[in-house]
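J.: Quick one: the structure is below, and I'll ask about it shortly.
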Amino acid sequence: AQSVTQLGSHVSVSEGALVLLRCNYSSSVPPYLFWYVQYPNQGLQLLLKYTSAATLVKGINGFEAEFKKSETSFHLTKPSAHMSDAAEYFCAVRGANSKLTFGKGITLSVRP
Amino acid sequence: DVKVTQSSRYLVKRTGEKVFLECVQDMDHENMFWYRQDPGLGLRLIYFSYDVKMKEKGDIPEGYSVSREKKERFSLILESASTNQTSMYLCASSHPPPNEQFFGPGTRLTVL
Numbered sequence: 010a011q012s013v014t015q016l017g018s019h020v021s022v023s024e025g026a027l028v029l030l031r032c033n034y035s036s037s038v039p040p041y042l043f044w045y046v047q048y049p050n051q052g053l054q055l056l057l058k059y060t061s062a063a064t065l066v067k068g069i070n071g072f073e074a075e076f077k078k079s080e081t082s083f084h085l086t087k088p089s090a091h092m093s094d095a096a097e098y099f100c101a102v103r104g105a106n107s108k109l110t111f112g113k114g115i116t117l118s119v120r121p
Numbered sequence: 582d583v584k585v586t587q588s589s590r591y592l593v594k595r596t597g598e599k600v601f602l603e604c605v606q607d608m609d610h611e612n613m614f615w616y617r618q619d620p621g622l623g624l625r626l627i628y629f630s631y632d633v634k635m636k637e638k639g640d641i642p643e644g645y646s647v648s649r650e651k652k653e654r655f656s657l658i659l660e661s662a663s664t665n666q667t668s669m670y671l672c673a674s675s676h677p678p679p680n681e682q683f684f685g686p687g688t689r690l691t692v693l
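Top line first, the protein sequences correspond to chains P and W.
Numbering-wise (our numbering), the first sequence opens with residue 10 and increments by one.
Numbering-wise (our numbering), the second sequence opens with residue 582 and increments by one.
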């Protein structure tokens with residue numbers, strides 16, 4: 010079975026500061042991992058994905074994530090936060106079937 | 582550009598009414614999904630479909646049914662709406678591996 014843990018429900022950073030959103034997963038098969046972003050009253054948009062190629066994955070809007078098998082982690086980072094990054098972020102893992110298991114999400118706030 | 586559309590952004594219904602939520606994708610994807618999203622609970626899978634006329638229960642199917650008569654269209658049906666079905670409903674579709682899901686904008690349903 011698959012599971013995703015996103016610790017905490019809310020992260021607040023200053024504009025220009027490093028963004029770090031943590032994701033740990035559990036998977037019974039080699040994982041495919043995803044980060045999605047959701048802006049208020051919208052659907053989810055794919056930020057980036059890991060599909061067993063490079064362990065450092067670059068996504069849209071300057072975000073990147075590193076797959077670490079030994080730590081079962083796939084943390085999302087951005088070197089410099091922008092006000093427009095304020096949103097909810099979800100980590101997800103694909104299981105043996107085509108379904109995705111999502112974490113509970115984490116809300117990012119960016120202070121001016 | 583990939584597109585998943587949902588029939589309504591906002592919907593208000595009365596307890597006991599039959600409710601239809603429609604989802605259409607233009608990407609020729611085999612897989613389609615219905616989720617509900619509630620604060621603090623993340624995304625929970627209601628039903629999914631691997632092909633036309635095929636459906637499988639997700640994690641919370643009680644009180645819901647689905648229909649997939651055409652590949653591009655996946656409908657969620659609330660047979661008799663109840664107040665605890667007030668939620669944001671998200672539709673998604675995906676293609677074979679890596680199975681990243683593409684989401685619609687969501688329908689915010691309120692049951693009075």
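Note that beta-carbon positions come from the ideal geometry of N, C-alpha and C, so glycine has one too.
(1) Please list the partners that S547(W) has in chain P, where partner means a Cβ-to-Cβ separation under 7 Å.
(2) Out of P40(P), E75(P), H91(P), Y45(P), which one is the CA nearest neighbour of G25(P)?
(3) When you compare the CB of F655(W) with every CB in chain P, is at least one pair closer than 8 Å?
(4) I want to see whether chain P comes within less than 8 Å of L592(W), judged by CB atoms only; does it?
(5) So A74(P) and L85(P) are supposed to be a Cβ contact under 8 Å. How far apart are they, rounded?
(6) Starting from M613(W), trace the beta strand (DSSP E) in both directions and tell me its first and last residue.
(7) Quick one, are the C-beta atoms of K113(P) and Q15(P) less than 8 Å apart?
(8) Taking the alpha-carbon positions, what's the S589(W) to S79(P) distance?
(9) Going along the chain, which residues of its own chain have a beta-carbon closer than 6 Å to the beta-carbon of N680(W), five neighbours each way excluded?
(10) By how many angstroms is the C-alpha of S82(P) removed from the C-alpha of S35(P)?
(11) Under DSSP, the beta strand (DSSP E) around T64(P) begins and ends at which residues?
(12) Buried or exposed, going by whether 16 or more other CB atoms sit within 10 Å of the CB of N106(P)?
(13) My understanding is that L117(P) touches V13(P), with C-beta atoms under 8 Å, so please give their C-beta distance in whole angstroms.
(14) Shorter than 8 Å from the beta carbon of F83(P) to some beta carbon of chain W?
(15) Within the 8 Å Cβ cut-off, does P686(W) reach chain P?
(16) Would you give the residue range spanned by the beta strand (DSSP E) that K594(W) belongs to?
(17) Which partner residues of F76(P) appear in the DSSP bridge assignment?
(18) Taking Cβ positions only, does Y622(W) come closer than 8 Å to chain P?
(19) Just the chain P side, please: which residues come within less than 8 Å of N612(W) by C-beta, in chain order?
T.: In brief:
(1) For chain W, the structure presents residues 582 to 693; residue 547(W) sits outside this window and is missing.
(2) H91(P)
(3) no
(4) no
(5) 5 Å
(6) 612-619
(7) yes
(8) 44 Å
(9) none
(10) 9 Å
(11) Careful: T64(P) lies outside any beta strand (DSSP E) and carries neither H nor E.
(12) exposed
(13) Actually they do not touch by this definition, with Cβ atoms about 17 Å apart.
(14) no
(15) yes
(16) 591-594
(17) F83(P)
(18) First, the amino acid is wrong: residue 622(W) is Leu here, not Tyr. So yes, L622(W) belongs to the interface.
(19) S107
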